Amino acid sequence: MNVDLHCHTNLSDGALSPEQLVDLAAQRGVDMLAITDHDSIACYAQITPSTSNIKIITGIEFSTTWRNRGVHIVGLNLDLADSALLQGVNRQSSARTQRAQKIAEKLQGFGFENCLEGAEKYTDGGQLGRPHFARYLVEIGAVTTVQQAFKRYLGAGKAGDIKQQWAGLEEVIAWIRGAGGVAVLAHPTKYNMTRTKLSELLEEFVALGGEGVEVISGSQSPSVTQSMAALCQQFGLLASCGSDFHSPEQPWAALGKVPALPSNCQPVWSRWLEQKH
Ligand code: MN
Ligand code: MN
Ligand code: MN
């Protein structure tokens, strides 16, 4: 089964519309797809499930902080009408707007003007994120590439890396569980944490009701997959996998090209496939 449970549309920082994304997934032979836009479920209003054979699982990628570090929690198989979830999404959305204003102020400190307006041009009307600022910095010649924009101004620990205002880990997990969903720690290797730190995070995550971890995120080496599978077993977690697809120009995160999970992992979808019987 071809499963991809982490990807983005242009309603967050992705390049494709929800419809284009589902079309591409269909072309790639995806059987089960979850779209996980940053702090947004708006894409699901634009998708008609009947138009493809793909099983669509509802999803979201929440931003949160743990011990002052940015951490992402994916929520899967959610009741999108749940009122606490909707309130949570709204709260994250205003936090995102405030963050964008702060990023613009920081960038102005470097002498780059009108960054908020400039970044907004790249959003397609969706949520503002750091990649949009990065593209504007390229446009005005402040940097030559998006990667360079992150390295100098927007990436972890840089001036534009503002993350204090997100809801906490406990709250985010409660929103997901309250909506009947499964909380999954996204891309565990992307936080630059030592194994000890990551174990501490997972311990707290599990205590708060977190149930899954992304054993595979984008393209990664088989040894990383094995190491994540071991963590998954150690903490008794369900295994998830996803491309973290944003755009066709990023081949390291290709939609629907996620390798199979190791056989010693219990896939997160075993949960909702069981529910059908
Ligand atoms: Mn993103
Ligand atoms: Mn993420
Ligand atoms: Mn993502």
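If you're matching positions, the sequence shown starts at 58 in our numbering and goes up one per residue. Glycine included, C-beta positions come from ideal geometry on N, C-alpha and C. Predicted, not measured: the structure shown is a model, and the values here were computed from it.
Proximity test, residue i beta-carbon vs ligand 3 heavy atom, cut-off 7 Å
| i | result |
| --- | --- |
| Glu268 | no |
| His189 | no |
| Thr115 | no |
| Thr93 | yes |
| Asp301 | yes |
Cα-Cα separation between residue i and residue j, rounded to whole angstroms
| i | j | result |
| --- | --- | --- |
| Asn321 | Gln291 | 12 Å |
| Trp232 | Ala240 | 9 Å |
| Thr253 | Ala287 | 14 Å |
| Leu312 | Pro324 | 19 Å |
| Glu271 | Ala141 | 25 Å |
| Ile160 | Ser276 | 30 Å |
| Trp329 | Leu78 | 23 Å |
| Lys215 | Ser109 | 42 Å |
| Gly183 | Leu68 | 4 Å |
| Gln283 | Ala296 | 12 Å |
| Phe169 | Ala317 | 45 Å |
| Ile98 | Gln144 | 12 Å |
| Leu294 | Gly225 | 21 Å |
| Val131 | Thr115 | 11 Å |
| Gln158 | His303 | 23 Å |
| His334 | Ala102 | Reliability fails at His334, whose pLDDT of 47 lies under 50, so the model's placement of it is uncertain and the value that follows must be treated cautiously. Cα to Cα, the separation comes out at about 27 Å. |
| Asn147 | Thr154 | 11 Å |
| Met250 | Trp309 | 21 Å |
| Gly198 | Gly266 | 45 Å |
| Asn59 | Ile111 | 10 Å |
| Ile230 | Thr201 | 38 Å |
Proximity test, residue i beta-carbon vs ligand 2 heavy atom, cut-off 7 Å
| i | result |
| --- | --- |
| Ala243 | yes |
| Glu118 | yes |
| His129 | yes |
Bridge partners - residue i, DSSP secondary structure assignment
| i | result |
| --- | --- |
| Asp61 | Leu90 |
| Glu118 | His95 and Val131 |
| Pro324 | Ala296 |
| Phe302 | Cys64 |
| Ile113 | Leu90 |
| Arg85 | Its beta-bridge partners do not exist; DSSP assigns none. |
| Ala240 | Gly132 |
| Trp123 | Arg126 |
Top-ranked residue by Cα proximity to residue i, from the options
| i | options | result |
| --- | --- | --- |
| Ala83 | Gln103, His65, Cys298 and Ile113 | Ile113 |
| Gly71 | Cys100, Glu268, Arg252 and Met58 | Cys100 |
| Ala236 | Leu211, Ala216, Asn134 and Gly313 | Asn134 |
| Glu306 | Ser151, Gly266, Val203 and Glu268 | Val203 |
| Gln149 | Ala264, Thr201 and Phe119 | Phe119 |
| Gly42 | Ile230, Gln222 and Gly238 | The chain is shown from 58 up to 334; residue 42 falls before or after that span and cannot be answered. |
| Phe167 | Gln155, Ala206, Leu143 and Ala138 | Ala206 |
| Asp61 | Asp80, Asn67, Ile92 and Ser69 | Ile92 |
| Asp218 | Glu170, Tyr210 and Gln155 | Tyr210 |
| Val315 | Gly293, His303, Thr154 and Ser274 | Ser274 |
| Gly186 | Met89, Cys172 and Glu268 | Cys172 |
| Glu268 | Cys289, Gln158 and Arg124 | Cys289 |
| His65 | Val263, Asp96, Thr246 and Ile230 | Asp96 |
| Asp301 | Thr122, Pro245 and Pro319 | Pro245 |
| Met338 | Leu265, Pro319 and Leu90 | Outside the modelled stretch of the chain, which goes from 58 to 334, sits residue 338, for which no answer is possible. |
Residue span of the alpha helix (DSSP H) that contains residue i, given as start and end
| i | result |
| --- | --- |
| Glu338 | Coverage of the chain is limited to positions 58 through 334, which leaves residue 338 absent and any answer about it impossible. |
| Leu185 | Segment: none, Leu185 is in no alpha helix (DSSP H) and carries neither H nor E. |
| Ala287 | Pro279 to Gln291 |
| Lys178 | From DSSP, Lys178 is part of no alpha helix (DSSP H); its letter is neither H nor E. |
| Thr154 | Ser140 to Gly166 |
Check: residue i C-beta below 7 Å from any heavy atom of ligand 1
| i | result |
| --- | --- |
| Ser97 | no |
| His65 | yes |
| Gly217 | no |
| Asp70 | yes |
Residue range of the beta strand (DSSP E) that includes residue i
| i | result |
| --- | --- |
| Glu271 | Gly269 to Ser274 |
| Ala213 | It is not in any beta strand (DSSP E) - Ala213 carries neither H nor E in the DSSP assignment. |
Residue i: CB within 7 Å of a non-hydrogen atom of ligand 5
| i | result |
| --- | --- |
| Gly186 | Looking for ligand 5 in the displayed structure turns up nothing; the ligands present are ligand 1, ligand 2 and ligand 3. |
Cβ of residue i within 8 Å of any chain D Cβ
| i | result |
| --- | --- |
| Trp329 | Checking the listed chains, one finds no chain D in this structure; it contains a single protein chain. |
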